[in-house]
Structure formats: structure tokens, C-alpha cells
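1 is the number of the first residue of the sequence shown in UniProt numbering; add one for each residue after it. Every residue, glycine too, gets a C-beta built ideally from N, C-alpha and C. Treat the numbers as computed from the prediction; the structure is a model and nothing was measured. Here is the structure we will look at.
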Amino acid sequence: MAQMSSLFEDLHSAYQKNASSEVLLDLLLRNGASSELAQHIRTSESPQENAGLLERCFQALRKGTLSSPDEAEADGGEVDLQRRLERATVSLFKAGISLMSREADEAQLVAYPSILLDNVDLLKFQQLAALLSDVCRGVESGSPGIPRLLQLLPKAATHLLEAGSPEDEAEEEDAAATAGDAATRHVDTALHRLTHADWVSESGSYAVQIMEALRDVPMTPQQLHFVVAKALSVCSRCSDLAALPSLLRQLMRMAGLGQRAFVLKGVLALFDRLETQHRGPDGRRPSQVLQNVEGTALVIIADAFKYDSALAEELLKSVRCSAVAPSPFCLLLLFTLSRQHKLESQVVALLRALVVAAFEWDATRARSAWLSSLPQLPRPTGQQLRAALLRAVRCSGVGGEVVVPGILALGTALMASCPLSEALALVKRNDILLAEAEVEAAAEADARRAQKRQQQQLPPLPQYHHHHQPQQQRQERAPGSRDTPYGPPAPGALRGSAALQSSLLGIELLQAAFEAHREARPDVL
Numbered sequence: 001m002a003q004m005s006s007l008f009e010d011l012h013s014a015y016q017k018n019a020s021s022e023v024l025l026d027l028l029l030r031n032g033a034s035s036e037l038a039q040h041i042r043t044s045e046s047p048q049e050n051a052g053l054l055e056r057c058f059q060a061l062r063k064g065t066l067s068s069p070d071e072a073e074a075d076g077g078e079v080d081l082q083r084r085l086e087r088a089t090v091s092l093f094k095a096g097i098s099l100m101s102r103e104a105d106e107a108q109l110v111a112y113p114s115i116l117l118d119n120v121d122l123l124k125f126q127q128l129a130a131l132l133s134d135v136c137r138g139v140e141s142g143s144p145g146i147p148r149l150l151q152l153l154p155k156a157a158t159h160l161l162e163a164g165s166p167e168d169e170a171e172e173e174d175a176a177a178t179a180g181d182a183a184t185r186h187v188d189t190a191l192h193r194l195t196h197a198d199w200v201s202e203s204g205s206y207a208v209q210i211m212e213a214l215r216d217v218p219m220t221p222q223q224l225h226f227v228v229a230k231a232l233s234v235c236s237r238c239s240d241l242a243a244l245p246s247l248l249r250q251l252m253r254m255a256g257l258g259q260r261a262f263v264l265k266g267v268l269a270l271f272d273r274l275e276t277q278h279r280g281p282d283g284r285r286p287s288q289v290l291q292n293v294e295g296t297a298l299v300i301i302a303d304a305f306k307y308d309s310a311l312a313e314e315l316l317k318s319v320r321c322s323a324v325a326p327s328p329f330c331l332l333l334l335f336t337l338s339r340q341h342k343l344e345s346q347v348v349a350l351l352r353a354l355v356v357a358a359f360e361w362d363a364t365r366a367r368s369a370w371l372s373s374l375p376q377l378p379r380p381t382g383q384q385l386r387a388a389l390l391r392a393v394r395c396s397g398v399g400g401e402v403v404v405p406g407i408l409a410l411g412t413a414l415m416a417s418c419p420l421s422e423a424l425a426l427v428k429r430n431d432i433l434l435a436e437a438e439v440e441a442a443a444e445a446d447a448r449r450a451q452k453r454q455q456q457q458l459p460p461l462p463q464y465h466h467h468h469q470p471q472q473q474r475q476e477r478a479p480g481s482r483d484t485p486y487g488p489p490a491p492g493a494l495r496g497s498a499a500l501q502s503s504l505l506g507i508e509l510l511q512a513a514f515e516a517h518r519e520a521r522p523d524v525l
């Protein structure tokens, strides 16, 4: 023990004296020196003090030059020297991994990930595979050092793939064509282990760090699909709504690698489910907490659209091909695209075309007894689109400036759908209906007053006359009478062409934007 203790003391003393790399390497390659240093690093109560020594030892190993060339030949030649260099490198790496895996003050360990990262290229194939396995083991066990270990994941996987398969792991020629080389299998195994591990546990949530690390790992499309599926699953099971935006940020960055349609579909399904689960006091709108989360999510996804135009195009494509009305959250995402000049006209034209086509289909279906008797076809109706648009705008207050331009652009475009002559004809027809209703209401009021005077002069009527006559009168009153000022308007008052109904919807959208967004009121007016 005294000899092993003196080896570490010699190393530490040489480091403090700023000895050359050759001197440090001479000491490090002595029998048992690297093992003793590794043990001291693992068990030290002040790991920060050993970070500098570890870095200097790696620098010496990188140079691989002894102070005396004759010493290498005396110790067994170049082959033996390389073997001792590899053994010392592995010993120090294992010590660093062990130290980073334990729970400790972050300030004490902050230097170790960068030291190991700078020297990953010193590792050979088997050592890189072992390092990858150590990182996976730390994630699977819920190690408190997961964030530190994950910093090594991308570089270890990249170097392993670049190193290729060593001869002792090479597959037979026919098997290699189907199974791939050993390096690919090691990375695939690591990804399988990571996607089947718990990213959120009682000890903490490391989902953000895992997603961030996986984003830089070279993956095949199939591997990326499984990783994205795992990330979406974690987002769906997230019980803390406040933690969702940070997960979405990493998910949208991962979408840029591929699987854009899969990511968008998963995100839209997620918010549809959340809106069902988290209702406000009125039971109709999302809760205020969820609305705040949606506002943050809109900003995050809008930024992703800004830097990934293919992602935005994928959203437009999914809406064009959908057989149902877009969800309110999907509509809000479309509104965010209006901030991008290249997509603004596409978004407005798409939504306007959907609205007009839906109202035209409603009119066609209403005119045909045969179509009306059929079940609902897989296409959105005008009323479904109207309800979705109005709900999206009324709940868009937290979206702020990222959605307002799109709402105003769509409302203005819809208002312009109807020719002026048809709009004036509608106003004239409604004025006539209103005047007729007022005349009828006045006549009924005169009749009631006359009846009341007659009742005051004559004996009381039999009970059955008194009971049934008012009910019959109530049934015969016109929908537009003064007794029902807030009842549904006459059927002819709101019927018109698809363009006319689209214009009316545009007015409703602008009115809803006026109520939901104070900052938009000058633009609406």
C-alpha cells in the first residue's frame, strides 16, 4: 500500500510542479499507477481538485511519448507501450464515468464531462462500445448524473460509427448485408435501451436532456421514428403542464431531422386530448393554465416553422388532405404562419377555400333529399368549420402577436367573399322581415289591449278558455316578435350563398378578435 500511495503522490507532485507530459507519462505507466489514480478520483471528497491532474494525464496519454525512447524498447517495445497506453486510458475513463454517475455538488464535477469529451477519440472500438453502454446503464438506473453522462452520448456514438467494425467483430459477408456492421448494431442497441428506459421517474425528469442528446446522434429513419414515438409518449404522459413547453421545444428540434408529419400529428392529437381533459369553470373553454401553455407552445412551434419551412409545408399539406375540420389548436398554428410572408397568402387562401367549399356543400346537401338522408360524409361542414374557427379565435388571447395577423387576414378575406349586391340584398330582405315582425308585434299588442278591456267589461271567461288561449297565442307568435327579441331569426334572414355565409363568418371572426385581443382593436376598426 505504501508503494501504491507513493505512486499517486509522485504523480500529484509532478503535476503541482508543472512537469512535462513525458515525465507524467513515465509515472502514469508504472505498474499500478493509473489504477491508483483512478481509485483516488472515484473516492475523493473533493473531485474538483483532481480535475486538473486528470486533464494533464490525458494530455500525456495523447502525446504517447516517454521521456526516454530507450525505456519503451526496454519495457517490451512499441506494441507493449500501446497496450499500456490503452489500459491507462480506459482506467481513467472508467474513473471519470463512475465519478460523473454519482450524486455530488455540480460545481465539483462541472469540469469532468468536457475533459472526457475532449479525449473520446483516444478510445478504440471496444472501449467506445463500453462507454456507450455505460451511458445507457446510467439512464436505465436513474443515475443522478444522467445529464453529465448524456453529454458523452453523441460523440461516443459518432466516433463508434466512424471507427467501423474491427476485424474480430466483422460479420460474414452474407450476414453483413442484412444485419449491418458491429458499430451500427452497438448504436442500435444503445438507442433501443434508451427508448425503453424511463425518462421520467421519482428521482427526477431527464426527458429534455435525453431528447437533446439524441438529437445529435446519427440515426436511420427507422431509428428516428422510434425515438420520436418515445418523445411523443413522454409528452402525452406529462402530468405537469408547466413542463410541457420545454419538452415541445426539443421535440420540434428533433422534427427537423425527419418524421415531420409524425411529429405534427402527435402534437395536434396531444393538445386535442389536453383540451378535453382540462376544461375551465364553464366546461367549454380550456382551463387558464392550459391556455397559457398553449400560448407558449404556439411561440415555440412558430419559431420552428420559421427555421424549418418544410415543417410548415407539412402542416398545410395535412390540413388540405384532412377529411375533418381542423382542430382549434391546428387553426391557431395556421394563423402563426401568416407571420411568414412566403406562406401568408397560402394560409389565407387555404382556409378561405375550405370555408367556402364547406358552405357550398351544406347548401348542396340541403337542396337534395337524397344527400340529406345519407350519413355524414368524411368532409367538414360549414358549421363545423365555423365553430372551430370561432372557438380558436375566442381562446387565442394568450397567443398574442403570433396569431393576430393571421386572424385579421382571414377575417378580411372572408368578408370580401360576398359581392356587394348580394350583401345589400340581404340587408334589404332583413329590413323587410324586421318591419313585418314589428307590424305583427304591434298588431298583437293592440289585440291584447283590446282583449284586456273587453275582459274588464264582461264576466270572467270559463277556466278552460283562460288556460288554453294564451298558450295558443304564444305558439302562433312570429319568431321575430317583440316577445322573443333574442330568439332565432327567421329562416330567410340568414340564408344565402356560400360566399354570403363566408362573409358573415368573417365579420364574426373580426368581432371575436376584437374581444379577445385588445392590441388588435385598432386594426379591426
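Based on the DSSP output, what are the partners of residue 286 in its beta bridges? According to the DSSP secondary-structure assignment, residue 286 is paired through a beta bridge with 279.
Assuming residue 95 contacts residue 41 under a Cβ cut-off of 8 angstroms, what Cβ separation, rounded to an integer in Å, is found between them? Here residue 95 really is in contact with residue 41; their C-beta atoms are around 4 angstroms apart, less than 8 angstroms.
Could you tell me whether the Cβ of residue 221 comes closer than 8 angstroms to any Cβ of chain D? Structure shown: chain D not included; a single protein chain is present.
Round the Cβ separation of residue 393 and residue 297 to the nearest angstrom and send it over; I've been treating them as touching at under 8 angstroms. Between the beta-carbon of residue 393 and that of residue 297 there is about 17 angstroms, and that puts the pair past the 8 angstroms contact cut.
I'd like to confirm the pairing. Which residues does DSSP put opposite residue 201 in its beta bridges? 204, per the DSSP bridge assignment.
First and last residue of the uninterrupted alpha helix (DSSP H) at residue 39: Taken as a continuous stretch (DSSP letters only), the alpha helix (DSSP H) holding residue 39 covers 33 to 43.
The alpha helix (DSSP H) with residue 235 in it runs from where to where? For residue 235, the enclosing alpha helix (DSSP H) stretches over residues 221 to 236.
Alpha-carbon spacing of residue 187 relative to residue 138, whole angstroms: Answer to the nearest angstrom: the Cα atoms are 16 angstroms apart.
If we count the other Cβ atoms within 10 Å of its Cβ and call it buried at 16 or more, is residue 519 buried or exposed? Exposed.
Residues near residue 366 in its chain [Cβ-Cβ closer than 8 angstroms; skip 5 each side]: Correct list, in chain order: 372.
Around the C-beta of residue 31, are 16 or more other C-beta atoms found within 10 angstroms, so that it is buried, or is it exposed? Only exposed fits residue 31, as fewer than 16 other CB atoms lie within 10 angstroms of its CB.
Around the C-beta of residue 380, are 16 or more other C-beta atoms found within 10 angstroms, so that it is buried, or is it exposed? Counting C-beta atoms within 10 angstroms of its own C-beta, residue 380 has 16 or more neighbours from the protein chains shown and is therefore classed as buried.
Less than 8 angstroms separating the beta-carbons of residue 234 and residue 213? Not in contact: residue 234 and residue 213 (Cβ atoms no closer than 8 angstroms).
Of the choices 262, 500, 216 and 198, whose alpha-carbon is the least far from that of residue 225? The shortest Cα separation from residue 225 among 262, 500, 216 and 198 belongs to 262.
Could you give the C-beta distance for residue 258 and residue 335, rounded to a whole number, given that I count them as a contact under 8 angstroms? With a Cβ gap of about 26 angstroms, residue 258 and residue 335 do not count as contacting.
Between the Cα of residue 417 and the Cα atoms of 452, 312, 449 and 497, which residue gives the shortest distance? With distances taken between Cα atoms, residue 417 lies closest to 497.
How long is the line joining the alpha carbons of residue 158 and residue 215, rounded to whole angstroms? If you draw a straight line from the Cα of residue 158 to the Cα of residue 215, it comes to about 12 angstroms.
For the ligand GDP, any of its heavy atoms closer than 7 angstroms to the Cβ of residue 446? Because no ligand of any kind appears in the structure shown, any question about the ligand GDP cannot be addressed here.
Exposed or buried, residue 321, counting other C-beta atoms within 10 Å across all chains shown (16 or more means buried)? By the 10 Å Cβ count, residue 321 comes out exposed.
In the DSSP assignment, find the alpha helix (DSSP H) that holds residue 147 and state where it starts and stops. That run of the alpha helix (DSSP H) goes 146 to 150.
Coil, strand or helix - residue 119 by DSSP: Under the three-state reduction of DSSP output, residue 119 falls in the coil class, being neither helix nor strand.
Using C-beta distances below 7 angstroms, list every residue in its chain close to residue 324, excluding the 5 sequence neighbours before and after it, in chain order. Result list for residue 324: 380, in chain order.
Comparing C-alpha positions only, which one of 130, 362 and 156 sits nearest to residue 533? Because residue 533 is not part of the residues shown, which for the chain are 1 to 525, the question remains open.
Give the range of the alpha helix (DSSP H) segment to which residue 137 is assigned. In the DSSP assignment, residue 137 falls within the alpha helix (DSSP H) that extends over 125 to 140.
Residue 196 - containing alpha helix (DSSP H), residue span: Residue 196 -> no alpha helix (DSSP H), and no H or E assigned at all.
Express the C-alpha separation of residue 451 and residue 469 in angstroms, rounding to a whole number. Bear in mind that the predicted position of residue 469 carries a pLDDT of just 46, short of 50, making it too unreliable to give a figure here.
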